[in-house]
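Residue numbers (this note's numbering): 1 to 304. Note that beta-carbon positions come from the ideal geometry of N, C-alpha and C, so glycine has one too. The structure presented is a predicted model; accordingly, all values stated were derived computationally and were not measured.
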Amino acid sequence: MTVVDSLAPADGKTIRHLALGFFDGLHLGHRRVILGGGKPHAPAHTAVLTFRDHPLSVLHPEKHPLLITGLPHKLRVLERWQIGQTVALPFDTGRSRQEPADFLRELASAFPSLQTVSVGPNWRFGKNRSGDVGLLGRWCNEKKILLDNPEPVLFGGERISSSRIRAAILAGQLADTAEMLGRPFTLFGAVGPGAGRGAGLGFATANLSTEDECLPPEGVYAGRAHLAEGKTFPAAINLGPQPTFDGQTHHPEAHLIGFAGDLSGQKLDLEFSKFLRPIQKFNSAQDLATQIKSDISAVLKASP
């Protein structure tokens, strides 16, 4: 997948299908928009145009939500969908003041071979969000381009949305989150340095640096770690403080069961499957080690 941050140099001549949106979470509704609501689009000839940052981070920073998928995570998912190109534009005050007609002229110039443009039902664009699906449709008619505006995907009788998934994550509703995403809830990031306490107890952990993504409640979880080379390991995941030691909140960390090696600097997907227990303070490091052994047994029982 090609990733660019500007419409000017985008090699858009091979792109036949263009999906527009922020697509936080890349849930089932987004998948329908990107890959086609009726006849599926060819992923290799599909481009996704999104923003590097949520528009609210510029327009109303106080209302900026935690993201389900930061940009690196979003690119990871789109690459797995085999999308041909992603245009991740910076969002700034200049972009927020752009007239809808000027934005559409940019699209026409960047993607001269478009056959289909896809958006969600509530998509807006341009200054003061003055551009809508109706305006886009008239532009598409003029350019002989098909507008694909698929019906939303429902879960439990209601439309799947990023805000709904965000609420489910914060409530720890992992099963509902997975149903709406169309895949298990995961965090994605690079493994950074830790304090080494897990290794000292005989249970080395990978400390994951994420893009301030939306997290489920604190606790210990069963899950799986997917490494870049394609290997997968059951994982005991700790999310929250370490009260037995300093009590401070740390990055999500995971003990990869059966893994031996150094993951520093490597990127991995950390999949959450089941809540095991709340965070606890133990009287000694030995008591903690005993509990970790119990957690590992629970993870293995929960693993498919």
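Proximity to residue i [Cα-Cα], best of the options
i, options, result
"Asp269", "Ala285, Glu229 and Pro241", "Glu229"
"Lys63", "Glu218, Ala44, Ser163 and Ser273", "Ser163"
"Asn141", "Asn128, Ala108 and Gly240", "Ala108"
"Gly189", "Gly265, Ala260 and Glu218", "Gly265"
"Glu211", "Val117, Ala285, Gly172 and Pro65", "Pro65"
"Glu106", "Leu59, Lys143, Ala8 and Leu288", "Ala8"
"Pro90", "Ala285, Asp295 and Val3", "Val3"
"Glu271", "Ile83, Arg138, Leu67 and Leu227", "Leu227"
"Arg32", "Ile279, Pro152 and Gly157", "Pro152"
"Gly157", "Lys293, Ile34, Pro72 and Glu179", "Glu179"
"Ile331", "Asn128, Ile83, Ile257 and Gly261", "Outside the displayed range of the chain (1 to 304) lies residue 331, so it cannot be described from this structure."
"Ile145", "Ala44, Val117, Arg166 and Gln82", "Val117"
"Phe233", "Ile83, Ser303 and Pro150", "Ser303"
"Ile83", "His45, Asp102, Leu56 and Ser57", "His45"
"Pro72", "Ser57, Leu56, Ile279 and Arg52", "Arg52"
"Gly137", "Arg183, Asn149 and Ala285", "Asn149"
"Gly261", "Ile165, Ser130, Asn283 and Lys231", "Lys231"
"Leu56", "Met1, Asp102, Pro43 and Arg129", "Arg129"
Residue j beta carbon less than 9 Å from that of residue i
i, j, result
"Ala206", "Gly223", "no"
"Ala47", "Ala19", "yes"
"Leu215", "Leu239", "yes"
"His255", "Phe203", "yes"
"Glu213", "Thr50", "no"
"His41", "His17", "yes"
"Leu208", "Leu187", "yes"
"Val191", "Lys267", "yes"
"Leu135", "Pro100", "yes"
"Phe275", "Val220", "yes"
"Ala225", "Phe259", "yes"
"Asp176", "Phe155", "yes"
"Gly172", "Pro217", "yes"
"Val67", "Asp5", "At residue 67 the sequence reads Leu, which differs from the Val that was named. For Leu67 and Asp5, no; Cβs fall outside 9 Å."
"Gln98", "Lys143", "no"
"Ser273", "Leu147", "no"
"Leu104", "Trp81", "no"
Environment of residue i [buried if 16+ CB atoms lie within 10 Å]
i, result
"Gly193", "Correcting the residue type first, residue 193 is Pro in the shown sequence and not Gly. Label assigned to Pro193: exposed."
"Thr290", "exposed"
"Gly21", "buried"
"Gln85", "buried"
"His30", "buried"
"Leu300", "exposed"
"Arg277", "exposed"
"Ser161", "buried"
"Val119", "buried"
"Ala168", "buried"
"His27", "buried"
"Glu253", "buried"
"Gly36", "buried"
"Leu59", "exposed"
"Ser295", "Going by the sequence as given, residue 295 is Asp instead of Ser. It is buried - the Cβ of Asp295 has at least 16 other Cβ atoms within 10 Å."
Heavy atom of the ligand HEM within 8 Å of residue i beta-carbon
i, result
"Glu253", "For the structure depicted, the ligand HEM is absent and the ligand set is empty, with no information on it obtainable."
* To do: For the segment 122-133 and the segment 88-95, state whether three or more C-beta atom pairs, one from each stretch, are separated by less than 8 Å.
  => Result no; under three Cβ-Cβ pairs closer than 8 Å.
* Asked: Which parts of the segment 91-136 are runs of the alpha helix (DSSP H), unbroken and 4 residues or longer, counting only runs that do not cross its ends?
  -> 93-96 and 100-110
* To do: Pair every Cβ in the segment 12-23 with every Cβ in the segment 98-117, then say whether three or more of these pairs are closer than 8 Å.
  => The segment 12-23, when compared against the segment 98-117, does touch it at the 8 Å Cβ threshold.
* Asked: What are the uninterrupted segments assigned as alpha helix (DSSP H) that are 4 or more residues long and contained completely in the segment 17-71, given in chain order?
  -> As far as the segment 17-71 is concerned, its whole alpha helix (DSSP H) runs of at least 4 residues are 28-35 and 56-59.
* Asked: Which full runs of the beta strand (DSSP E) of 3+ residues lie inside the segment 140-200, going along the chain?
  -> 146-148 and 186-192
* **Segments of 3+ residues assigned as beta strand (DSSP E) that fall wholly inside the segment 207-266** => Secondary structure within the segment 207-266: the beta strand (DSSP E) runs of 3 or more consecutive residues, fully enclosed, are 219-227, 232-239 and 253-256 (chain order).
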